[in-house]
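If you count by the numbering used here, then the sequence shown holds residues 5 to 239, one letter each, in order.
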Amino acid sequence: MNELDILAFGAHPDDVELGIAGIISKAVQKGLKVGIIDLTQGEMSTRGTIEERKKEAEEASNILGTMVRENLCLKDSEIQNTPEQRISVIKVIRKYRPKIILGTMFDDRHPDHHNAHFLIKEANYFSGLYKIETEHKPYRCQTLLFYYPYYEVKPPTFIIDISESFDIKINALQAYRSQFFNPNYFGNQTFISSERFWHSVRDRCAYWGGKINTSYAETVYTIEPVNLTPLIPLG
Ligand SMILES: [Zn+2]
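The following block contains the structure:
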């Protein structure tokens, strides 16, 4: 498998789309090679089966134009920064050797998103150690960015214009028929399946777009010094 420019991690299928689908689509349009890794199958969700969610994620990936989407099949609601779970993450970091890693930010309301932050950050560090042996050789990404799937808890580091890819973000999210507002889907209502939450997706992107005088934007965070060069195509 060829190396990727961007590898985006979500705790559950749809996390990446909620937080940064516009950035992903923009990167693809700029010719960057992008992959998505879902840590779990989302099997603890109130709505949707594993099979439904797998199909939805595949459809969303096709809409976004990613080259790769893999699921590490960690246990939903049990994401922890353990040596066993880190090895799963290290394997895909070494396999795809991304120039940019995107992961979930800490202090998110969902504990899996919070825990995935530390799992991804530490796996990337340990991925550089030669004495941890896996199929592929050691590699450590120097540009780690983080995002919030639902809403910003802290002021972001960067605001990225996604006006040109916002419609594609919405299309990708609509692929998740079991998860978001959908009057035709039978099931219990959840935080993210409400009509109010669906409107908040557009409101959120418009709010951050307004901060940089564009129509729509998404946000990312750095928590340590990063190599800026891989980010230039996204500016
Ligand atoms: Zn999630």
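The beta carbon of each residue, even a glycine, is placed where N, CA and C say it ideally should be. This structure is a prediction, so every number in the text was calculated from the model and none was measured.
Can residue i be considered in contact with ligand 1, in the sense that its beta carbon sits closer than 7 Å to one or more heavy atoms?
i	result
residue 179	no
residue 15	yes
residue 121	no
residue 115	no
residue 42	no
residue 153	yes
residue 111	no
residue 19	yes
Suppose you measure from the CA of residue i to the CA of residue j; what does that come to, to the nearest Å?
i	j	result
residue 141	residue 134	8 Å
residue 199	residue 185	5 Å
residue 213	residue 165	7 Å
residue 65	residue 12	12 Å
residue 67	residue 229	32 Å
residue 92	residue 143	14 Å
residue 102	residue 28	14 Å
residue 156	residue 129	25 Å
residue 139	residue 99	8 Å
By DSSP's criteria, residue i is part of a beta bridge. Which residues make up the other side?
i	result
residue 78	44
residue 181	Paired residues: none, contrary to the question.
Could you say which of the options lies nearest to residue i if we only look at CA atoms?
i	options	result
residue 33	71, 136 and 148	71
residue 231	51, 153, 73 and 149	149
residue 227	126, 202 and 221	126
residue 51	188, 234 and 203	188
residue 168	219, 46 and 177	219
residue 160	18, 178, 181 and 209	209
Under DSSP, the beta strand (DSSP E) around residue i begins and ends at which residues?
i	result
residue 151	148-151
residue 242	Not covered by the structure: residue 242. The range shown for the chain is 5 to 239.
When you compare the CB of residue i with every CB in chain D, is at least one pair closer than 8 Å?
i	result
residue 12	No chain D is part of this structure, which consists of one protein chain only.
Specify, as a first and last residue, the run of the alpha helix (DSSP H) that residue i falls within.
i	result
residue 298	The displayed coordinates of the chain run from 5 to 239. Any statement about residue 298 would go beyond what the structure contains.
residue 201	199-215
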